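Undergrad: Structure below; questions to follow.
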Amino acid sequence: MARSSRPLTLLPAALLLGATPAMAERVGVMVLDASGSMWNRVEGDVTRIEVAREVIDEYLQGRDPEVPLSVLAYGHNRRGDCGDIEVIAAMERQDAATLASRIRALNPQGMTPIAESLRLAAEQIPRTAEAADIILVTDGLETCDGDPCAAAARLAEQGLAIRAHVVGFGLTDSEIQQLSCVTEQTGGELFQTHSGAELASALNQVEQVAAASVAEPEPEPEPEPPAPS
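Residue numbers (mature numbering (1 follows the signal peptide of the UniProt record, and there is no 0)): -24 to -1, 1 to 205.
Encoded structure:
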């Protein structure tokens, strides 16, 4: 069952620090829907893509910049091309403003290859990561004959701690349930959102779940007192 979104406090913003993702405890991969349906209107005269750009901009400014992030988008380059999936940000610590400008440049027009996008998202994750969270933000279902459920099952079989979260944006109850297999098989969270506020809340909740996934290191034991002489 999809979770409802509730407002949470954003994490503090910070600047780009450079990256060595291979040594990261946890990493993130965001998969963004830039298919043609993202031009549908969601709030009055505002389109889904316009709302998503603004919300994701705020999310990027608030997330922990020490955690490496890769971003993929699909459907923004060519109409009718199921291979239109692009890594718009390689796995590293990201500068929020630079990444937001790339996302603002996305021009929705194509298909929705969710299964293949999940596969490519997994390829961005270094084998040394202790935990990884894939965040799929989509306003539609698979349109390229892929099987997101099977793709999620393969994620679970990789031997890495990969969770795939699904943030549905404007999906119906039936549609969001068709994607529930992705989160059920990977231990991720499922969200159904219909506004910018709900989308922002869902992304914040995913970030907090991801941050809690890496346990704090146990403190070094206190040295034993010297034996009496």
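Glycine included, every Cβ here is placed at the ideal spot set by N, Cα and C. Only a predicted model underlies this, so the values are computations on that prediction, with no experimental measurement involved.
1. When burial is assigned at 16 or more other CB atoms within 10 Å of the CB, is S(-20) buried or exposed?
2. Keeping to the same chain, check which residues put their C-beta closer than 8 Å to that of D60; ignore five residues upstream and five downstream.
3. By a C-beta neighbour count over all protein chains shown, 10 Å radius and 16 as the cutoff for buried, is E106 buried or exposed?
4. Kindly list the residues whose CB is nearer than 7 Å to the CB of G20, restricted to its own chain and excluding five residues on each side of it in sequence; keep chain order.
5. Could you check the C-alpha separation between Q161 and V143 for me, to the nearest Å?
6. Pull the bridge partners of Q168 from the DSSP assignment, please.
7. Using three-state DSSP, classify M(-2) as helix, strand or coil.
8. Would you please state the rounded distance, in angstroms, between the beta carbons of A140 and T159? I believe it to be under 8 Å.
9. Over what stretch of residues does the beta strand (DSSP E) that includes T114 continue unbroken?
10. Candidates N180, Q154, G122: which alpha carbon is nearest C58's?
TA: In terms of the structure at hand:
1. Note on S(-20): pLDDT 48, under 50, position unreliable in the model; no value is reported.
2. Y50, G51, H52, N53, R54, G86, M87, P89
3. exposed
4. none
5. About 16 Å.
6. G144
7. Because M(-2) sits at a pLDDT of 46, beneath the cut-off of 50, its placement in the model cannot be relied upon, and the following sentence gives the value as read from the coordinates. Helix.
8. 6 Å
9. 107 to 114
10. G122
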